[in-house]
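Input: a single structure, listed below in structure tokens.
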Amino acid sequence: MNGANPDSDGWWLVRSGFIAGLVVLLSLLLLLAVGVGSSWLSPERVLHALVGAGERMDQVIVQTLRLPRALLAAQAGICLALAGALLQRATRNPLASPSVVGVVDGAAVGVVLFLWLFSNEANALTVSIHFQPLAAAAGAVVFAAIVGLLTWLDDGGPMRLIIYGVAIAALASAIVTLLIILGPVFRASQALIWLAGSVHQAHWDDVVSLAILLAMSLPFLALVPRVMDQFLLDDDTAAATGLAVGAMRALLLLIAVYLTASAVSFVGGIAFVGLIAPHVARLILGQNAGPYLIGSALIGAIIVLASDIVARLILAPLELPTGAVTALIGAPYFLFILIRRGRSHA
Amino acid sequence: MRDSFASFEAASVGYRETMVFRDLTLSLPQGRITALCGPNGSGKSTALRALRGLLGLETGLVRIGDRPLGAWSLRDLAKQIAMLTQAPSAPDEISVADLVMLGRFAYRRAFVGPTAEDRAIVDRAIAACDLGDLAERPLGALSGGQSQRAWIAMVLAQDAPVILLDEPTNHLDIAHALETLELVRSLKHGQGKSIVVVLHDLNLAAKYADHMVLFREGQVAAEGAVAEVFTQATIAQVFDIACRVIEDPLHGRPICIPYPKGQAVERQAG
Numbered sequence: 001m002n003g004a005n006p007d008s009d010g011w012w013l014v015r016s017g018f019i020a021g022l023v024v025l026l027s028l029l030l031l032l033a034v035g036v037g038s039s040w041l042s043p044e045r046v047l048h049a050l051v052g053a054g055e056r057m058d059q060v061i062v063q064t065l066r067l068p069r070a071l072l073a074a075q076a077g078i079c080l081a082l083a084g085a086l087l088q089r090a091t092r093n094p095l096a097s098p099s100v101v102g103v104v105d106g107a108a109v110g111v112v113l114f115l116w117l118f119s120n121e122a123n124a125l126t127v128s129i130h131f132q133p134l135a136a137a138a139g140a141v142v143f144a145a146i147v148g149l150l151t152w153l154d155d156g157g158p159m160r161l162i163i164y165g166v167a168i169a170a171l172a173s174a175i176v177t178l179l180i181i182l183g184p185v186f187r188a189s190q191a192l193i194w195l196a197g198s199v200h201q202a203h204w205d206d207v208v209s210l211a212i213l214l215a216m217s218l219p220f221l222a223l224v225p226r227v228m229d230q231f232l233l234d235d236d237t238a239a240a241t242g243l244a245v246g247a248m249r250a251l252l253l254l255i256a257v258y259l260t261a262s263a264v265s266f267v268g269g270i271a272f273v274g275l276i277a278p279h280v281a282r283l284i285l286g287q288n289a290g291p292y293l294i295g296s297a298l299i300g301a302i303i304v305l306a307s308d309i310v311a312r313l314i315l316a317p318l319e320l321p322t323g324a325v326t327a328l329i330g331a332p333y334f335l336f337i338l339i340r341r342g343r344s345h346a
Numbered sequence: 347m348r349d350s351f352a353s354f355e356a357a358s359v360g361y362r363e364t365m366v367f368r369d370l371t372l373s374l375p376q377g378r379i380t381a382l383c384g385p386n387g388s389g390k391s392t393a394l395r396a397l398r399g400l401l402g403l404e405t406g407l408v409r410i411g412d413r414p415l416g417a418w419s420l421r422d423l424a425k426q427i428a429m430l431t432q433a434p435s436a437p438d439e440i441s442v443a444d445l446v447m448l449g450r451f452a453y454r455r456a457f458v459g460p461t462a463e464d465r466a467i468v469d470r471a472i473a474a475c476d477l478g479d480l481a482e483r484p485l486g487a488l489s490g491g492q493s494q495r496a497w498i499a500m501v502l503a504q505d506a507p508v509i510l511l512d513e514p515t516n517h518l519d520i521a522h523a524l525e526t527l528e529l530v531r532s533l534k535h536g537q538g539k540s541i542v543v544v545l546h547d548l549n550l551a552a553k554y555a556d557h558m559v560l561f562r563e564g565q566v567a568a569e570g571a572v573a574e575v576f577t578q579a580t581i582a583q584v585f586d587i588a589c590r591v592i593e594d595p596l597h598g599r600p601i602c603i604p605y606p607k608g609q610a611v612e613r614q615a616g
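Here is the structure:
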């Protein structure tokens with residue numbers, strides 16, 4: 001791979017062009033995301049406000065309201081898409097996604113428990129809302145660990161992992177439903193917004209925290225492409241080429257869980273990004289792990305950012321949860337993949 | 347007997363509760379084609395997987411060269427033994443050249459692309475398998491025989507002195523089966539490889555192998571040069587059939603004609 005043969009230089013150029021195109025598209029969407037809203041800011045005013053020039057009011061809108069929201073959306077998209085790319089490759093299953101390994105529903109249990117346990121009689125949280133991401137992360141890690149443990153005890157392959165993931169995710173989602181019914185009503189609506197996935201309460205704190213979490217995964221992500229390419233092969237063949245299949249699969253899954261937990265802790269269960277972004281990346285950039293990861297990340301950011309813009313505009317002044325929009329786009333695409341795969345395997 | 351490149355020493359392997367073979371002791375000759383044959387479930391494929399370290403042993407030892415299997419690092423072992431598995435798979439979209447490059451995994455370092463040596467060896471492997479025109483073709487667009495040659499090219503790119511092949515002619519028609527085994531034989535002659543191949547078809551095994559191991563119920567029932575092992579009595583006993591073994595009129599290799607068990611295999615006089 002990586003241009004294994006001299007003839008693939010043209011293909012390399014095409015891929016670079018695609019990636020550059022995605023970067024441009026993402027930049028335009030960032031400008032648009034900061035520009036649109038209850039008051040329209042032209043790209044020129046946005047750029048002025050970004051560099052600290054322009055009107056005071058523009059600066060407030062851009063720097064404290066819209067920019068953190070746009071950046072959080074983009075980062076969450078990057079995390080979820082990378083997690084999906086790692087999962088799909090590690091399990092050799094194009095239908096694997098962060099939500100099927102129990103991580104997203106596990107995080108939801110954490111959040112709902114947190115909202116329930118730390119609410120007082122006066123409908124207020126007794127601790128800072130800033131602890132909510134920690135609760136989500138704890139839930140994500142606990143449930144991912146249960147799925148991992150079950151698979152390990154079973155000595156099972158990737159298919160078993162997905163089956164256990166689906167089962168445990170269903171269990172977690174049942175717990176969430178129970179807690180919402182049993183818990184205080186006013187917390188239920190708050191929990192529901194989180195469950196659907198939303199970036200509407202973005203603060204710079206969140207943006208910085210998620211950026212740090214994402215940055216910490218970069219050294220690992222830089223190391224894995226060679227290994228991910230080897231996972232194109234079935235397990236026995238990959239092992240025969242010298243890959244430590246079990247250990248490397250566990251490593252890829254761990255990074256995926258870490259990235260998913262990081263994202264959902266801040267933005268909730270934004271659906272289908274982790275499934276679709278890697279899929280589109282594979283379609284336009286091919287199977288080679290380097291471009292595949294970069295493309296997935298960019299497309300993930302584009303999907304969530306674009307969805308958030310739609311979520312803000314479509315029923316303005318009402319706002320939809322971002323995850324509702326990604327699901328509206330994602331679910332039909334998912335069906336499309338299923339039907340096409342069904343046909344090609346018939 | 348010649349030097350051996352690997353041996354089983356009282357090795358036992360089991361999946362979960364059932365033992366596939368017990369106390370297997372066997373040496374594999376260097377620079378030869380060794381065929382592992384036997385009825386379904388007799389342990390031949392399992393022996394091959396254990397030899398490559400894809401399966402752990404319950405007891406006993408597999409020795410590769412002068413070291414036990416466990417003393418080899420994964421990368422060094424991959425440089426020593428390459429293997430074509432029974433049902434290899436890769437996505438339809440990747441090109442033959444990209445697939446063959448995956449065989450170089452044990453030699454490549456993180457962060458850098460393929461070296462000139464990697465490329466040269468991949469090109470040689472592609473040429474050896476007569477895939478020059480198909481190098482940029484996606485796997486999904488190849489015929490069964492072509493795709494088998496692409497996988498063998500990947501195995502060759504691993505540049506190992508030992509090659510294991512698990513039923514390489516499965517699902518191939520007779521023309522492609524012969525083509526594949528001719529290629530395997532050319533590897534022994536041209537590159538001095540030691541080859542172990544699991545084959546279902548006894549006559550193909552007799553035609554191409556130098557050495558033959560017959561498995562029955564997890565034990566070695568017979569082992570030795572093809573001419574010694576491939577006899578009417580041994581084949582009949584190992585496969586639980588009646589048979590005649592005659593000579594290939596062209597090359598003098600033995601050929602087995604199987605009959606249902608119990609049938610008289612000599613023509614009745616009168």
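Listed in order, the protein sequences are those of chains U and V. Counting along the first sequence from 1, when you hit position 66 you're at 66 in my numbering, and nothing is skipped either side. Offset between the second sequence (1-based) and my numbering: plus 346. Glycine residues also receive a C-beta, built at the ideal position from the N, C-alpha and C atoms. Predicted model only: the values in this text are computed from it and were never measured.
Buried or exposed: which applies to residue i, given that a residue is buried once 16 or more other Cβ atoms fall within 10 Å of its Cβ?
| i | result |
| --- | --- |
| residue 607/V | exposed |
| residue 566/V | buried |
| residue 347/V | The pLDDT assigned to residue 347/V is 48, lower than 50, so where the model puts this residue is not dependable, and the model offers no usable value. |
| residue 92/U | buried |
| residue 222/U | exposed |
| residue 554/V | buried |
| residue 15/U | buried |
| residue 440/V | buried |
| residue 12/U | exposed |
| residue 514/V | buried |
| residue 457/V | exposed |
| residue 477/V | buried |
| residue 68/U | buried |
| residue 434/V | buried |
| residue 349/V | exposed |
| residue 454/V | buried |
| residue 340/U | exposed |
| residue 359/U | Residue 359/U cannot be examined here, being either before or after the span of chain U that is shown, 1 to 346. |
| residue 219/U | exposed |
So residue i and residue j are supposed to be a Cβ contact under 8 Å. How far apart are they, rounded?
| i | j | result |
| --- | --- | --- |
| residue 187/U | residue 119/U | 6 Å |
| residue 80/U | residue 290/U | Contact flag wrong, Cβ pair sits at about 20 Å. |
| residue 450/V | residue 464/V | 5 Å |
| residue 147/U | residue 101/U | 6 Å |
| residue 30/U | residue 70/U | 6 Å |
Please list the terminal residues of the continuous alpha helix (DSSP H) segment that includes residue i.
| i | result |
| --- | --- |
| residue 526/V | 520–537 |
| residue 477/V | No alpha helix (DSSP H) contains residue 477/V, which DSSP labels as neither H nor E. |
| residue 299/U | 289–313 |
| residue 272/U | Careful: residue 272/U lies outside any alpha helix (DSSP H) and carries neither H nor E. |
| residue 517/V | Note, residue 517/V: premise wrong, no alpha helix (DSSP H); not H, not E. |
| residue 392/V | 390–397 |
| residue 574/V | 572–575 |
| residue 60/U | 56–60 |
| residue 237/U | 235–240 |
By Cβ distance below 7 Å, which residues in the same chain neighbour residue i in space, the five residues on each side in sequence not counted?
| i | result |
| --- | --- |
| residue 577/V | 591 |
| residue 287/U | 232 |
| residue 96/U | 87, 88 and 162 |
| residue 7/U | Unreliable positioning characterises residue 7/U in this predicted model, as indicated by a pLDDT of 46, which lies under 50. The coordinate reading is nonetheless provided below. Result list for residue 7/U: empty, nothing under 7 Å. |
| residue 238/U | 230, 231 and 245 |
| residue 172/U | 102, 105, 106, 108, 109 and 143 |
| residue 225/U | 289, 290 and 293 |
What are the boundary residues of the beta strand (DSSP E) that includes residue i?
| i | result |
| --- | --- |
| residue 603/V | 600–605 |
| residue 356/V | 350–361 |
| residue 371/V | 364–375 |
| residue 380/V | 379–383 |
Could you pull out every residue in the same chain whose Cβ sits closer than 8 Å to the Cβ of residue i, ignoring the five residues on either side in sequence?
| i | result |
| --- | --- |
| residue 52/U | 59 |
| residue 33/U | 66, 69, 70, 73, 305, 308 and 309 |
| residue 490/V | 517, 518, 519 and 522 |
Who are the near neighbours of residue i in its chain, counting only those whose CB is closer than 6 Å to its CB and skipping five residues on each side?
| i | result |
| --- | --- |
| residue 612/V | none |
| residue 278/U | 84, 85, 88 and 296 |
task = For the region 237–253 of chain U, enumerate the residues whose C-beta is nearer than 7 Å to any C-beta of chain V, in chain order.
result = 237, 239, 240, 241, 242, 243 and 244
ask   = Got a sec: which bits of the region 39–67 of chain U sit with their beta carbon under 9 Å from any beta carbon on chain V, in order along the chain?
value = none
query = Going along the region 209–232 of chain U in order, which residues come within less than 7 Å of chain V, judged by CB to CB distance?
reply = Under the 7 Å Cβ criterion, the region 209–232 of chain U contributes 223, 226, 229, 230 and 232.
task = Give the residues from the region 287–299 of chain U that approach chain V closer than 9 Å (Cβ to any Cβ), ordered along the chain.
result = 287 and 288
request  = Return the residues of the region 489–509 of chain V that lie within a Cβ-Cβ distance of less than 7 Å from chain U, sorted by chain order.
outcome  = Look at the region 489–509 of chain V: the residues with a C-beta under 7 Å from a C-beta of chain U are 504.
query = When you check each C-beta in the region 393–408 of chain V against every C-beta of chain U, which residues fall closer than 9 Å?
reply = 395, 398, 399 and 400
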